[in-house]
Structures are given as C-alpha cells and as structure tokens.
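Asker: Using my numbering, you'd call the opening residue of the sequence shown number 909 and step up by one each time.
Don't be surprised by glycine CBs; every beta carbon is placed ideally from N, CA and C.
Submitted below is the structure of interest, expressed as structure tokens.
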Amino acid sequence: MLGWQLLEWNPEAQKIKVGFETRKEFRNPAGIIQGGIIAAMIDDAFGPMCILASGRTKVPLTLDLNVSYMAAGQHGKFTCEARIIRQGKSISFVEGELFDATGELVARATSTVRLIPMPQR
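Right, here's the structure in full:
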C-alpha cells in the first residue's frame, strides 16, 4: 500500500534503509502527512528488515508500536532507517527513524514484534 523501496540492507548490523514517496491523499486538511501514515511507514520498514534478518523464514507481527513525532511530515519523499535491537527465537525488539527529503527527523519509533514461520505459498 505504501510502496516502499529497499535502499540498503546490512545483514551484519541488522540495519535497513527503506524509501517511501507519499501520495496526496495521505495529507490532512492542513497539507501535512497524517500521523498514522508516518507510523505505518516506520512499521512498514520493520517488516522486510525482520524477514531479511531471519533468512526469509519468519514474518513479524507487530505487538506494539510506540511513535514519537518530532516534526510535521510534508508531502514527498521519506527515508526510514531501522535496526534490530535484540532478536530472539519468537520475539524481536526493533527501532526506526523516519526522515523527510531534507534529512529532518520526522518521527522515531520502537516496536516489539512476534516472529512466526513464513507462510508457504
């Protein structure tokens, strides 16, 4: 839905960089990206990060997501940098930061995710 693009994956550091480009309908009446979309962009970076870190054997389910908003997100391009803080067999603790096109920190989030086996297709 958000149309993320993988920009970088560092398996040793378990860090990911993901790019997003927002759509006009993501804006509130003031023209600022809605907070739920900002949270979703960060959460959307956690998914591929956990999948890649597990060797594509597990999928994360968000148990909690705590977001701190630092600045108003203007319509355009965003980059999320995220990392795994601690990974267990079934639970991981992750964090991420979302930056706008100028490099300004828009939001920071931490999350606890449950890891389940990758569904067979």
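Measuring only the C-alpha atoms, how far is residue 921 from residue 990?
Answerer: For this step, residue 921 is matched to residue 13 along the sequence shown. For this step, residue 990 is matched to residue 82 along the sequence shown. Answer to the nearest angstrom: the Cα atoms are 10 Å apart.
Asker: Please confirm if residue 941 has its CB atom under 8 Å from at least one CB of chain C.
Answerer: The structure shown contains no chain C; it is built from a single protein chain.
Asker: Hey, residue 980 and residue 1013: beta-carbon distance below 8 Å or not?
Answerer: Taking the first residue of the sequence shown as position 1, residue 980 is located at position 72. Taking the first residue of the sequence shown as position 1, residue 1013 is located at position 105. No. Outside cutoff.
Asker: Flag this pair as touching only if the stretch 932-945 and the stretch 958-970 have three or more C-beta atom pairs under 8 Å; answer yes or no.
Answerer: The stretch 932-945, when compared against the stretch 958-970, does not touch it at the 8 Å Cβ threshold.
Asker: Which residues bound the beta strand (DSSP E) around residue 1024?
Answerer: Locating residue 1024 in the sequence shown gives position 116, where the first residue counts as 1. Where residue 1024 is concerned, the enclosing beta strand (DSSP E) stretches over 1013-1025.
Asker: Pull up the DSSP beta-bridge partners for residue 1000, would you.
Answerer: Counting from 1 along the sequence shown, the entry for residue 1000 is found at position 92. 995, 1021.
Asker: According to DSSP, is residue 943 part of a helix, a strand, or is it coil?
Answerer: Locating residue 943 in the sequence shown gives position 35, counting from the first residue. The answer is helix: DSSP assigns residue 943 an H, G or I state.
Asker: Leaving out five residues before and five after residue 975 in sequence, what residues of the same chain have Cβ atoms less than 6 Å from its Cβ?
Answerer: Numbered from 1 along the sequence shown, position 67 holds the residue referred to as residue 975. Within the same chain, residue 975 has close Cβ partners 947, 1015, 1017.
Asker: Tell me the rounded alpha-carbon separation between residue 928 and residue 997.
Answerer: Walking along the sequence shown from the start, residue 928 turns up at place 20. Walking along the sequence shown from the start, residue 997 turns up at place 89. Looking at the two C-alpha atoms, the distance is approximately 30 Å.
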